[in-house]
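Trainee: Quick one: the structure is below, questions incoming.
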């Protein structure tokens with residue numbers, strides 16, 4: 003599941019009751035939701051509204067919400083992009099915002115449903131390798147992302163965390179021969 007899309011089935015809190023229905027349309031960050039049995043649609047915000055997915059898997063809700071960097075215009079996950087102005091080119095600095103999103107973890111797996119962004123993987127770094135983490139992390143450094151579990155191909159979700167995460171340390175090859183000093187060369 004790639005997150006919220008038109009036709010996605012949800013439970014949304016509408017007038018003090020949780021109603022089941024589908025997402026009908028969206029424009030930017032504004033979504034329209036039609037509960038079953040209603041003729042008119044209801045506006046829904048993926049950040050401010052109370053909602054949850056309709057899943058046939060057993061999931062566990064994380065106690066704490068995860069602060070994620072999102073673009074303000076569309077509320078999509080922030081990605082680095084290139085932009086160009088005349089002869090200058092560099093990284094695009096999109097207008098971003100930090101929102102705390104709910105996280106549901108599928109029991110016994112490393113699959114996460116991060117808010118309206120969809121399915122992601124939960125991994126932990128052990129040296130230079132990534133390993134799937136199948137339980138809720140408590141006082142551990144973890145990464146959330148998509149792709150194969152290799153350090154170069156795994157694409158992380160941009161999150162905000164108070165702790166400093168360990169960096170990937172590149173192993174340098176051993177020296178094959180002795181480098182002569184200035185005195186020896188002269």
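Numbering (the numbering used here), first residue to last: 3 to 188.
Yeah, the Cβ is synthetic: ideal placement off N, Cα and C, and Gly gets one too.
On a predicted model such as this, the values are computed, not experimentally measured, just so you know.
1. Could you pull the start and end residues of the beta strand (DSSP E) that residue 85 belongs to?
2. Along the chain, where does the alpha helix (DSSP H) that runs through residue 184 open and close?
3. Report the residue from 120, 69 and 133 whose alpha carbon sits nearest the alpha carbon of residue 153.
4. Residue 63 to residue 131, Cα distance in whole Å?
5. Where does the unbroken beta strand (DSSP E) through residue 94 begin, and where does it stop?
6. Ends of the beta strand (DSSP E) at residue 115?
7. By how many angstroms is the C-alpha of residue 116 removed from the C-alpha of residue 65?
8. On a Cα-Cα basis, can you pick out the residue from 98, 27 and 106 that is closest to residue 57?
9. Could you tell me which residues DSSP pairs with residue 134 in its beta bridges?
10. Could you give the distance in angstroms between the alpha-carbon of residue 12 and the alpha-carbon of residue 112?
11. So residue 94 and residue 31 are in contact, right, with Cβ under 8 Å, and what is the actual spacing, rounded?
12. Here's the rule: buried if 16 or more other CB atoms are within 10 angstroms of the residue's CB, otherwise exposed. What is residue 40?
Mentor: A quick look at the data gives this:
1. In the chain shown, the residue the question calls residue 85 occupies position 83. Start and end: 84–87.
2. Counting from one through the chain shown, the residue named residue 184 turns up at place 182. That run of the alpha helix (DSSP H) goes 184–187.
3. The residue given as residue 153 occupies position 151 in the chain shown. Closest option to residue 153, Cα to Cα, is 133.
4. Counting from 1 along the chain shown, the entry for residue 63 is found at position 61. Counting from 1 along the chain shown, the entry for residue 131 is found at position 129. Residue 63 and residue 131 have their alpha carbons spaced roughly 27 Å apart.
5. The residue you call residue 94 lines up with position 92 of the chain shown. Where residue 94 is concerned, there is no enclosing beta strand (DSSP E), because DSSP gives it neither an H nor an E.
6. By one-based count along the chain shown, residue 115 stands at place 113. Going by DSSP, residue 115 is part of the beta strand (DSSP E) stretching over 113–116.
7. Counting from 1 along the chain shown, the entry for residue 65 is found at position 63. Counting from 1 along the chain shown, the entry for residue 116 is found at position 114. Whole-angstrom Cα-Cα distance: 13 Å.
8. Translated into positions along the chain shown, residue 57 becomes position 55. Checked all of 98, 27 and 106; the closest Cα to residue 57 is 106.
9. Your numbering for residue 134 matches position 132 in the chain shown. Paired residues: 125.
10. As a first step, residue 12 is located in the chain shown; it is residue number 10 there, counting from the start. As a first step, residue 112 is located in the chain shown; it is residue number 110 there, counting from the start. In this structure, the straight-line span from the alpha carbon of residue 12 to that of residue 112 is close to 22 Å.
11. Taking the first residue of the chain shown as 1, we reach residue 94 at position 92. Taking the first residue of the chain shown as 1, we reach residue 31 at position 29. About 18 Å; that fails the 8 Å criterion.
12. Mapped onto the chain shown, residue 40 falls at position 38. The residue in question, residue 40, is exposed, as its Cβ has fewer than 16 Cβ neighbours within 10 Å.
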